[in-house]
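Chemist: For reference, the structure I am asking about is given below.
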Amino acid sequence: MRPVLILILFCLLLPLSSHAAAPMRPYSGIGVLTLATAGITEPIPLYHEPGISRCCRFPLADLGRLNVWLFGNDQPPHLLVTARKGDWLEVEYDDAGRTAWLKSERRWSYTPWEQFLKGRMVQFLRNSPKKQMQVLPRPGTAEGTPLTSNKPMKVILAQGDWAYVLLDQNSAGWIRWRDSDGRLLIGFDGAAPK
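Under the numbering used here, the residues of the sequence shown are numbered 205 to 398, in order.
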């Protein structure tokens with residue numbers, strides 16, 4: 205009797221564990237660091253504070269996989285930047301949202317969100333709240349037209365948490381690209397909806 209109950213319990217729990225949860229929407233921070241990896245042979249050193257107390261080294265093999273779910277297979281890879289102090293940038297270096305500092309190099313390019321978003325194709329992340337997945341006639345309007353996570357949009361202009369997007373040749377409007385907590389609502393450049 206006991207083995208039968210264990211088998212039934214196992215069968216009931218099996219479907220729950222087979223579905224992987226979507227990654228938590230990351231904090232947007234202040235912009236994006238685009239990394240040129242050509243010529244880099246050693247892991248990138250990361251620090252707890254700018255230039256003080258090295259915490260770890262970021263392996264180049266991991267760089268290509270990081271943020272693929274958010275940015276797509278876009279090359280070169282991108283890191284989310286959460287803060288800046290001179291030539292030092294605080295970046296999220298894993299999907300858990302852990303941050304560390306790295307010294308920006310000439311071949312790397314930091315871009316604030318307003319500039320990075322302009323002209324990009326975006327779509328809502330699958331785990332974005334439904335009430336946020338809508339296009340509005342102007343920022344802050346209470347009700348808008350609902351959208352799905354697989355609807356591609358082209359960003360024309362970004363201002364604060366809002367982006368003016370082109371949905372097709374005949375319709376445009378405003379979307380929130382990050383929520384009031386600073387978490388991203390959108391993915392970029394052909395990233396599959398998550």
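Beta carbons are placed, not taken as given, at the ideal position from N, Cα and C, and that holds for glycine.
Have a look at P343 and L293 and give me their C-alpha separation to the nearest angstrom.
Modeler: Roughly 30 angstroms between the two C-alpha positions.
Chemist: From this set, T352, F392, S308 and E296, which residue's C-alpha is nearest T241's C-alpha?
Modeler: S308
Chemist: Name the residue from P333, K358 and K334 whose alpha carbon lies nearest to the alpha carbon of A324.
Modeler: Per the sequence shown, residue 324 should be read as Arg rather than Ala. Out of P333, K358 and K334, K358 has the C-alpha closest to the C-alpha of R324.
Chemist: Using a Cβ-Cβ cut-off of 6 angstroms (strictly less than) and excluding sequence neighbours within five positions of I234, which residues of its own chain qualify?
Modeler: Excluding positions up to five away in sequence, the list reads V285.
Chemist: For my contact list, E296 and P230 are in at a C-beta cut-off of 8 angstroms; report their separation, rounded to the angstrom.
Modeler: Right, their Cβ atoms sit about 6 angstroms apart.
Chemist: Straight-line CA distance for P356 to Q327?
Modeler: If I take the Cα positions, the gap works out to 5 angstroms.
Chemist: Quick check on DSSP: helix, strand or coil for D266?
Modeler: helix
Chemist: Pick out whichever of I244, R269 and F392 has its Cα sitting closest to the Cα of R310.
Modeler: I244
Chemist: So who's on the other strand from R261, going by DSSP bridges?
Modeler: P249
Chemist: Taking I248 as the reference, which of T315, I256 and F262 has the closest Cα?
Modeler: Checking every option, the nearest Cα to that of I248 belongs to F262.
Chemist: Compare the beta carbon distance of D383 and Q336 with 8 angstroms and say whether it is the shorter of the two.
Modeler: yes
Chemist: Among the residues of its own chain, which have a CB less than 6 angstroms from the CB of H252, if the five just before and after it don't count?
Modeler: C259
Chemist: By Cβ distance below 6 angstroms, which residues in the same chain neighbour V236 in space, the five residues on each side in sequence not counted?
Modeler: H282, T315 and F320
Chemist: Can you determine whether any heavy atom of the ligand MN sits closer than 7 angstroms to the C-beta of H282, and answer yes or no?
Modeler: Absent from the structure shown: the ligand MN. Ligands present: none.
Chemist: Leaving aside the five residues before and after R380 along the sequence, list all residues of the same chain whose C-beta is less than 7 angstroms from its C-beta, in chain order.
Modeler: Q336, D365, W366 and L389
Chemist: Provide the residue span of the alpha helix (DSSP H) that contains Q319, from first to last.
Modeler: W317 to L321
Chemist: Would a C-beta distance cut-off of 8 angstroms place L264 and W312 closer than the cut-off?
Modeler: no
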